[in-house]
Amino acid sequence: MREHKLENIVFLTALLGIFGWASVTSWGFSDQAQTYPRLVSYGGFILCAIELVVYTLTAKGDDLKDQAKSFFASPLAYILLFAVYIVAAYLTMGETITYNEDKLLPIPTAISMVFALLLTLLIVYNVGRSILPFVLYLLLYYVLIYFIGMVIASAIFVFLFLLFIGKMKWYLALLSGILVLFFLINLEDIMSLRWPDSIIDPLEMLGF
Amino acid sequence: MWQFVLEAFAIIFTPTTLGVMLLGVGVGMTVGILPGLGGTVGMSLLIPFIFGMDAETAIPLMIGAAAVIHTADTFPSVLLGVPGSSGSQATIMDGYPLARRGEAARALAASFFSSMFGGLIGACTLLLILPIARPLVLAFGSPELLMLAILGLSMVAILAGKRPLRGLISGVLGLLIGAVGAAPTSPVYRYTFETLYLFDGLKLAVLALGLFALPEILDLLASGTSIVREGAQQKNIVASWKQGFQDVVRNRFLVFRSAALGVMVGFIPGLGGAVVDWISYGIARQTVKNPEGFGQGDIRGVIAPESSNNAKEGGALIPTLLFGIPGSGGTAVLLGAFILLGLQPGPSMLKETGNLNITILIIVTLAVANVFGTTACLLLTNVVSRLATVKASRLAPFVIVIMLTGAYQSTRHWGDLLAFVVIGLFGWMMRKLKFPLPPMLIGFVLSVGVERYLWLSTARYEWEWLTRPGVMILAVITVVLTVGGFRVNQRTSRNAQQIQQEISNEGA
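Those protein sequence lines, which keep their order, are chains A and B.
Under my numbering, the first residue of the first sequence carries the number 17, and numbering increases by one thereafter.
Under my numbering, the first residue of the second sequence carries the number 800, and numbering increases by one thereafter.
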C-alpha cells in the first residue's frame, strides 16, 4: 500500500493549524474555561509539530513519477490551496456576513469551512477516489431528506442504490425500498422516533 | 438476605412477570442491535408502560431491557465494525477482524457466552458486596475519579499501534473535540461557532458512528466485496457455538477478572460504561500471554470487553440505588422510573425492613435476563451472521439508513446528520493516513470527566490531592500499563517486521 507521504504531511499541517487555532481561541474564554482546552491544544500542537518533523525527515517518499502525472496530486496543488486560503482569510479579517436575517458569520470562518471542504476533497481524490461516487450518493440522500423527509428519502435512496450500485433487479430493488418505508414508519411508531424537518412532508399529505 | 433471593426467583418465574421480563429483553435486544441507540433510548421507551404497574412487575421489565442491551449490541460491532452502543466499542477491535476471516459466528458465540457469564458474575458480585458498597463508593472522591479517567486515557498507549505519536495525537484530538460546547466548570460555550447544535457538544453516538461506521462502509463499497473476505470459509453454526463456548471456558480467568473490573468501574459514578470496555480490553492485552494477535482477530479481545460491559450494569446500579446518583443516561431514566414507582433510592434499599427485597429482585432479574438474552442472541446468530456474506453494495444502503436513523436520534437536530458525514470523512482520511481511531474515541469519552474532576480536585484540595493513597495507587497502575503498552506495541511491530523479513528472504 502507498504511504501517501504528501497527504500525510498536508494532513499533519492541517491538524497543526487546528490545534494552533484552538489554543489561540482558548485565550478568549474565561479563566476557568480556558485552562483545559489550552493545555490540550498546546499538547496537540507540540505532538503534531514533532510528528510532522520526524515524519517529513524519515518517511519514505511517494513515487514522484505518479505525482507528476496529475496536477491535483502534486505538492503545488496543496501549496496553492493553502496560499489562497491564507490570503483570503487575511484580507477578510474582521468582516462578517449576515445569515438567517440576524446572525453574523465572520467571513474568515466561512472561508475556513470552504477551505476544509476543498482540502478534504483533494485528499480523498488523491488517497482513494473510488469512494467518491458513494459519497455523492450519500449527499443525494441528504438532499432528498431535506426536500421530502427522511422516511420517503430513505426508501428512494435504497431503491436507487440497489438498482444502480447493487445491480439488483428493479422489482427486488423496489420491494426493498417499500420494505424500508414500512420499517421506518413502524419504527417511528414503536420507538417514538423523530425525523428531520423537510421542505415538504409527503407522509403527512398521505395521512400517515 | 438469602430468603429474599429465593422470593425474587419465585416472583421472576411467575408467568406474568416472566412475560413482562421477556418483553423487556426483546426491547433491549432491538435497541442493542440498532447502532446508535443505547441504554437511554431503551429505558425511555419503557417508561410509558410502567405507569400503574407495581414495582415487582415494572422492575423486571426495565432491568430485563437494561441487562441485555450490551449482549445484543455485539451484532453490529462484530458484523459491521459499528459500535452497537457505547459499551461495545472495544469489541470492534478484534470482533470485526474475526468476522472478516469468516469467524463471525464464533466471535458472536464467544461474545454472548462471555456476556452471560460476565452478567452473572456481575450480579453475584453485586449481591456479595452490597453490605460494604456504601463505604466503597464513598471512598472515591474527585481526585480518584480523575485518576480513573487518566487510567482510561492511558489505554491510548496500548491502542496506538505501531505509531504511538499518532495515537497520542488522535487521543488529544478526541480530548479537544470533547471540549466543544458548554464548559463544565463555568457558563462559557467553547468552539461552537455560535451554532446552536454545538452548544451541548457533539454526541458520542454521532462520533462513534461517523468515525467507525462510515469509513468502513465506504471502503467496503470501494472494494466491492462483502464483509467476509474472499476465500474465507464460513464455519458450521453449531461448531462455531461450540468453539465460542470453549474459547470462553479456556479463558475463564479472563472472563472473571474482566467482569470484576466491570463491576468496579460500573459502581463509580461519573465514568460509566463508555470506558469500561476499553479499560478491560487494554488490561487484557497487557496481561495475557502472546498478545501479538490483539487487533487482528484475537478472540480474547472480544471476551474481555464483553465480560466487563454486562457486569458493569450490576455495578452501575449501586450508586443509583444507594445514593440516587445515576452513572449514565440509561440509569438516569431508570432512576426516574424508580421514583415513579414510589421507590426512594437511599440506605433503605439495603434494609430488610425497607426495600431490600426490591434490590434483590433487581439483582436476580439482571442474572435471569442475561441468561434469556444470551439464549435469544445465540438463536439469532445463524441468521444475522449471514449478513457478513452479503455483498457490500447490497447491504450498505440498509446500514446507512439505520446509521442515519440512529445518529439523528442523538439530539434530533439536522446537525447530527451533518456531523455524521463530516466526522465520517475525517475518520476515513485518518484511517487511510494510518492514524489510529480508537484513541480519539477514548479521548472524547473521557474529556468532560478529566476536565471536571481536575477542576474539582484542584479547587478543593489544591495540589494535595496528588498525595492521597488512592490517587497514588491508581497512578502506579497507570504508569505500569502505559509503559507495558508501549513495550507490547514495540514487540508486536518487531515480530511483524521479522515475519515480513522472513517472507521476503524466502521469496528471494
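Every residue, glycine too, gets a C-beta built ideally from N, C-alpha and C.
On a predicted model such as this, the values are computed, not experimentally measured, just so you know.
Item                                                                                                                                                                  : Value
What's the C-alpha gap between B/F1052 and B/V1075?                                                                                                                   : 18 Å
Taking 8 Å as the threshold (C-beta atoms), are B/A1021 and A/G144 in contact?                                                                                        : yes
According to DSSP, simplified to helix, strand and coil, what is A/I164?                                                                                              : helix
Determine, using beta carbons only, whether B/F808 and B/V1163 come nearer to each other than 8 Å.                                                                    : yes
In the DSSP assignment, what are the bridge partners of A/P122?                                                                                                       : A/T112
Does any C-beta atom of chain B lie closer than 8 Å to the C-beta of A/L31?                                                                                           : yes
In three-state DSSP terms, what is B/A906?                                                                                                                            : helix
By how many angstroms is the C-alpha of B/G1141 removed from the C-alpha of A/L178?                                                                                   : 52 Å
Between which residues of its own chain and B/D1097 is the CB-CB distance below 7 Å, once the five residues before and five after are set aside?                      : D893
Please confirm if B/F992 has its CB atom under 8 Å from at least one CB of chain A.                                                                                   : yes
Taking 8 Å as the cut-off, does the stretch 1170-1187 of chain B touch the stretch 106-123 of chain A (at least 3 CB pairs, one atom from each stretch)?              : no
Assign B/Q1085 to buried or exposed, taking buried as 16 or more other Cβ atoms, counted over all protein chains shown, within 10 Å of its Cβ.                        : buried
According to a CB-to-CB cut-off of less than 8 Å, which residues of the stretch 1189-1209 of chain B neighbour chain A?                                               : K1190, S1192, R1193, A1195, P1196, F1197, I1199, V1200, L1203, T1204, Y1207 and Q1208
Would the beta-carbon of B/V819 fall within 8 Å of that of B/T856?                                                                                                    : yes
Quick check on this structure: which residue in B/R1259, B/A909 and B/P1118 has the alpha carbon closest to the alpha carbon of B/V1048?                              : B/A909
Identify every residue that forms a DSSP beta bridge with B/Y988.                                                                                                     : B/A981
What are the residues of the stretch 961-980 of chain B that lie near chain A, defined by any Cβ-Cβ distance shorter than 8 Å?                                        : L964, R965, L967, I968, V971, L972, L974, L975 and A978
Listing by chain order, which chain B residues have their CB less than 8 Å from the CB of A/A49?                                                                      : A982, T984, S985, V987 and R989
Pair every Cβ in the stretch 959-978 of chain B with every Cβ in the stretch 1215-1234 of chain B, then say whether three or more of these pairs are closer than 8 Å. : yes
Please state whether the Cβ-Cβ distance between B/P859 and B/G825 is less than 8 Å.                                                                                   : no
Would you kindly check if the distance between the Cβ of B/T1174 and the Cβ of B/P1144 is under 8 Å?                                                                  : no
What is the C-beta distance between B/H1195 and B/I1016, in whole angstroms, given that I count them as a contact (C-beta under 8 Å)?                                 : In the sequence as presented, His is not what sits at residue 1195 of chain B; that position holds Ala. Indeed they touch by this definition, with Cβ atoms about 5 Å apart.
Can you list, in chain order, the residues of the stretch 1228-1240 of chain B whose Cβ is nearer than 7 Å to any Cβ on chain A?                                      : M1228, K1231 and L1232
Mind checking the stretch 1213-1228 of chain B against chain A and listing, in chain order, the residues whose C-beta falls within less than 9 Å of any C-beta there? : W1213, D1215, L1216, L1217, V1220, V1221, G1223, L1224, F1225, W1227 and M1228
Is B/A948 closer than 8 Å to B/L1236 when the C-beta atoms are compared?                                                                                              : no
Is the CB of A/E111 under 8 Å away from at least one CB in chain B?                                                                                                   : no
Do B/K1002 and B/G1065 count as a contact pair if the criterion is CB distance below 8 Å?                                                                             : no
Just list the residues that DSSP pairs B/K1190 with in beta bridges.                                                                                                  : B/S1025
Near A/I113, what residues of its chain come up, given a Cβ to Cβ distance below 7 Å and the 5 sequence neighbours on each side ignored?                              : L121, I123 and A126
Within 8 Å (strictly less), CB to CB, does A/K76 reach chain B?                                                                                                       : no
In chain A, what lies closer than 8 Å to B/A1021 by C-beta?                                                                                                           : G144, S146, I147 and F150
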